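Asker: Questions regarding the structure given below will be posed in turn.
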Amino acid sequence: MEKVQIGRIIEIYKDSLLFESEDTALRIRLPKKLDIAVGDCIEVDTSSQEAAILKIQPRKSSLQKQINRKKKVVVSNIDALAIMASSKPKISKTLVDKWLALSHLNKLKPLVIFNKCDREDFDEIKGDISLYRNLAIECFEVSAKYNRGIKELKQSLMNQSIALVGLSGVGKSSLIKLLTGEDIKTQNLSKNTGRHTTTTTKIYAGEGFELIDTPGAGDIDLECFDKEQITSGFSEISSASLLCEFRNCNHSRSDKGCNVIKLVDKGMIAESRYENYMQQIDGK
Ligand SMILES: Nc1nc2c(ncn2[C@@H]2O[C@H](COP(=O)(O)OP(=O)(O)O)[C@@H](O)[C@H]2O)c(=O)[nH]1
Ligand SMILES: [Mg+2]
Ligand SMILES: [Zn+2]
724 MEKVQIGRII EIYKDSLLFE SEDTALRIRL PKKLDIAVGD CIEVDTSSQE
774 AAILKIQPRK SSLQKQINRK KKVVVSNIDA LAIMASSKPK ISKTLVDKWL
824 ALSHLNKLKP LVIFNKCDRE DFDEIKGDIS LYRNLAIECF EVSAKYNRGI
874 KELKQSLMNQ SIALVGLSGV GKSSLIKLLT GEDIKTQNLS KNTGRHTTTT
924 TKIYAGEGFE LIDTPGAGDI DLECFDKEQI TSGFSEISSA SLLCEFRNCN
974 HSRSDKGCNV IKLVDKGMIA ESRYENYMQQ IDGK
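Quick note on this note's numbering: the sequence shown kicks off at 724 and runs consecutively.
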């Protein structure tokens, strides 16, 4: 007799996955040719010794990225994308802008967490923080190490599932540990033992919210999106472009009557945003 349980995929390993329902947690062999992701709600038949996945429930949302020209769901059923940055490793605005565009294209609320505010060189990224605040993106200045700015951040995370992305070393594992109490091995330990770096996407439960670590999701590209979609992911450029003199304007320096260029020259659109935008639509 079938015994159906409904639950979620908490973690995916190389050849198995961790399934969790209200009353059980099970390791299930990874099914071949089934496009599943952490966060998916699935129906599982647990009547026989080896549990079988019967069905994936429709996804409420997903974070998809392109890997080798194929779209892949990194995590599903999330509400927000938290982009983490720091002064060391130095923030890559190119990457932040790509993540912001990707959150827009996946209809996820973006927020940027600037970590390591305890460091002396944190001042060097203050300008970048203003840049993103001026774009009306929610920004937080925190120190995962010294528990600073965490209360405000926590409030904004309440009742949501948030995927965490950012360069390796920015402090994702440290923040998750602080917020959820989960003992995830941070890079400090990995240096000692050589094998404790987070390697799988996994859901961690906090009090009233969830955080999903997505290691290795850093090197995204927006290859599968067309020019129009990418433009919509750069909100200030998108609205400026409505006032370009020609409808097919490429917004390059040589374009006559380009309103985007006009605003870049006036300093109303940040040079870095413009450059990153142009890089993304190059060849589209
Ligand atoms: N100074 C300082 N160091 C931090 C902070 N948060 C994390 N670190 C350190 O940064 C390194 C990388 O942290 P980790 O959490 O492993 O980063 P991840 O690769 O993004 O998961 C570790 O040595 C942490 O101790 C912080 O707020 N301030
Ligand atoms: Mg980590
Ligand atoms: Zn233009």
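C-beta atoms are modelled at their ideal positions from N, C-alpha and C, and glycine is treated no differently. Note that the structure is a prediction, hence the values are computed from the model and not measured.
Where does Tyr1000 sit, in a helix, a strand or coil, going by DSSP?
Answerer: Helix, per DSSP.
Asker: How long is the line joining the alpha carbons of Arg750 and Leu986, rounded to whole angstroms?
Answerer: Taking the straight line joining both Cα atoms gives about 55 Å.
Asker: Can you name, in chain order, every residue of its own chain whose Cβ lies under 8 Å from the Cβ of Val767, other than the five neighbours on each side?
Answerer: Only Val727, Gln728, Ile729, Gly730, Phe742, Ser744, Leu749, Ile751, Ala774, Ala775, Ile776 and Leu777 meet the Cβ criterion.
Asker: Alpha carbon to alpha carbon, what distance is there between Ser897 and Glu905?
Answerer: Roughly 10 Å separates the two Cα atoms.
Asker: Sorry if obvious, but does the Cβ on His827 come closer than 6 Å to a heavy atom of ligand 3?
Answerer: Not so, every heavy atom of ligand 3 lies at least 6 Å from the Cβ.
Asker: Comparing the CB of Lys793 with every heavy atom of ligand 2, is any distance shorter than 6 Å?
Answerer: Result no, Cβ not under 6 Å from ligand 2.
Asker: What does the alpha-carbon distance come out to for the pair Asp1008 and Ser799?
Answerer: Absent from the structure is residue 1008, since the part of the chain shown begins at 724 and ends at 1007.
Asker: Is it true that the CB of Pro812 sits closer than 7 Å to the CB of Gly892?
Answerer: Yes; because the gap between Cβ atoms is below 7 Å, this pair is in contact.
Asker: Can you tell me which of the three DSSP states Gln883 falls into?
Answerer: The answer is coil: DSSP assigns Gln883 none of H, G, I, E or B.
Asker: Compute the Euclidean distance between the alpha carbons of Gln910 and Cys972, then round it to the nearest angstrom.
Answerer: Confidence at Gln910 is low in this model, with a pLDDT of 48, below 50, so the placement of that residue is unreliable and no value is reported for it.
Asker: For a minimum of 4 consecutive residues, which ranges assigned as the alpha helix (DSSP H) are wholly contained in the segment 765-789?
Answerer: Listed in chain order, there is nothing to give.
Asker: Is it the case that the CB of Val983 approaches a heavy atom of ligand 3 more closely than 6 Å?
Answerer: Yes, Cβ of Val983 sits closer than 6 Å to a heavy atom of ligand 3.
Asker: So, for Leu757: in the same chain, excluding its five sequence neighbours on each side, which residues have a beta-carbon less than 8 Å away from its beta-carbon?
Answerer: Closer than 8 Å at the Cβ level, and outside the excluded window around Leu757, lie Ile776 and Ile779.
Asker: Can you name the start and end residues of the beta strand (DSSP E) that Lys979 belongs to?
Answerer: Here Lys979 belongs to no beta strand (DSSP E), and DSSP marks it neither H nor E.
Asker: Considering only DSSP beta bridges, list what Ser744 is partnered with.
Answerer: For Ser744, which the question treats as bridged, DSSP gives the partners Gly730.
Asker: Is the CB-CB distance between Ser770 and Glu725 below 7 Å?
Answerer: Yes, the Cβ-Cβ distance between Ser770 and Glu725 is below 7 Å.
Asker: For Arg752, does the three-state DSSP call read helix, strand or coil?
Answerer: Three-state result, Arg752: strand.
Asker: Using the three-state DSSP reduction, which class does Ala824 fall into: helix, strand or coil?
Answerer: Residue state, collapsed to three classes: helix.
Asker: Using the C-alpha atoms, what's the distance from Glu994 back to Leu876?
Answerer: Straight-line Cα distance between these residues: approximately 29 Å.
Asker: Quick one: what's got a C-beta closer than 6 Å to Ala886's C-beta in the same chain, skipping five residues either side?
Answerer: Counting only Cβ-Cβ distances below 6 Å, and skipping sequence neighbours, we find Leu786, Val798, Ile801, Leu804, Ile935 and Thr937.
Asker: Are Cys862 and Ile852 closer than 7 Å when you measure CB to CB?
Answerer: Closer than 7 Å, so yes.
Asker: For Pro938, which of helix, strand or coil comes out of DSSP?
Answerer: Pro938 falls in the coil class under three-state DSSP.
Asker: At what residues does the alpha helix (DSSP H) containing Ala963 begin and finish?
Answerer: Element bounds for Ala963: Ser958 to Ser964.
Asker: Counting only the same chain and skipping the five closest in sequence on each side, list residues whose C-beta sits under 8 Å from that of Gln1002.
Answerer: Hits under 8 Å: Thr817.
Asker: Which residues does DSSP pair with Pro833 in a beta bridge?
Answerer: Paired residues: Leu804.
Asker: On a Cα-Cα basis, can you pick out the residue from Arg842, Leu880 and Phe845 that is closest to Pro833?
Answerer: Taking only the C-alpha atoms, the option nearest Pro833 is Leu880.
Asker: From Cys840 to Asp988, what does the alpha carbon distance come to, in whole angstroms?
Answerer: Rounded to the nearest angstrom, the two C-alpha atoms are 32 Å apart.
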